[in-house]
Structure formats: C-alpha cells, structure tokens
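Heads up: the sequence shown begins at 50 in our numbering, then just goes up one per residue.
The structure under discussion appears below in the form of structure tokens.
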Amino acid sequence: MPHPANLRIDFTGRDASSVSGADENRAITAFLATIAAYGADPTTADTAYREQWAEFEDETAMYGPALAWIAASGAAARAVVEGWAEPDRSEVRCEPHWG
C-alpha cells in the first residue's frame with residue numbers, strides 16, 4: 050500500500066530497530082483501515098485527538114473521532130509485530146502523526 054505523504058508512524062521501544070519496511074506497511078494499512086472502519090478520516094481524527102488531549106490529558110475521557118485515532122494507533126501497534134517470532138514479548142510502540 051502506498052504511504053500517504055502526510056502519515057508518519059514513529060516506532061519506539063526496545064524492539065523498534067527491528068521494524069522492517071513490511072512491518073511498517075502492515076502498521077500503516079491497519080491504521081488507515083481502522084480509521085475508515087470508524088467512519089472517520091485521518092485529519093478529523095487527528096484534530097479531535099489533539100484537541101481532546103489538550104483538554105483532558107487522558108485518553109479515557111475522549112470521545113467521537115478521537116476514539117478512532119486511539120483504536121487505529123492500537124491496531125498499528127498490533128500489526129507491526131504480526132508474524133514476529135514472539136509478538137507478545139515484543140516491545141514496539143506506534144505514535145502516528147498526520148499532517
């Protein structure tokens with residue numbers, strides 16, 4: 050899947066250096082599919098997440114399109130380690146950036 054020019058996912062954590070191009074593609078695909086499944090678009094979800102983070106500083110209080118961003122971030126994190134020898138023991142976090 051071609052990467053949208055305005056989507057970047059930063060990978061952090063102990064195993065971040067093990068992330069390959071194929072892993073990144075899976076993460077991006079999962080991220081975008083989850084945003085779409087919520088009926089949102091990345092720009093709206095990103096804006097809602099940023100605004101609500103500034104207001105609440107806590108994801109548990111968020112609502113609406115911000116929830117799509119949270120779910121998509123989780124889907125990307127799961128997808129990046131899919132197929133790894135020990136995905137449950139891997140430590141990779143995904144921080145998506147849009148815009």
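Cβ coordinates follow ideal geometry from the N, Cα and C atoms, glycine included.
*Taking W133 as part of the beta strand (DSSP E), name the residues at either end of that continuous run.*
Translated into the one-based positions of the sequence shown, residue 133 becomes position 84. Unbroken run through W133: none, as it is neither H nor E.
*Assigned exposure category for S122 - 16 Cβ within 10 Å defines buried*: Within the sequence shown, residue 122 is the residue found at index 73, counting from 1. Buried is the call here.
_So for E140, helix, strand or coil by DSSP?_
Working through the sequence shown from its first residue, we reach residue 140 at position 91. Residue state, collapsed to three classes: coil.
*Among L56, S66 and I77, which one has its Cα closest to the Cα of R127?*
Position 78 of the sequence shown holds residue 127. Here the closest residue by C-alpha is I77.
*Other residues of its chain near F105: CB distance less than 7 Å, five sequence neighbours each side excluded*: For this step, residue 105 is matched to residue 56 along the sequence shown. Once the five neighbours on either side are set aside, the close Cβ partners of F105 are M111.
*Less than 8 Å between the CB atoms is what I'm expecting for A89 and A117, so what's the real figure, rounded?*
Start at 1 with the first residue of the sequence shown, and residue 89 comes out as number 40. Start at 1 with the first residue of the sequence shown, and residue 117 comes out as number 68. With a Cβ gap of about 4 Å, A89 and A117 count as contacting.
*Taking DSSP as the reference, what is the three-state secondary structure of D152?*
No information on residue 152 is available, as it lies outside the stretch 50 to 148 that the chain covers here.
_Alpha-carbon spacing of A115 relative to R99, whole angstroms_ = One-based indexing of the sequence shown puts residue 115 at position 66. One-based indexing of the sequence shown puts residue 99 at position 50. A115 and R99: Cα-Cα distance of roughly 8 Å.
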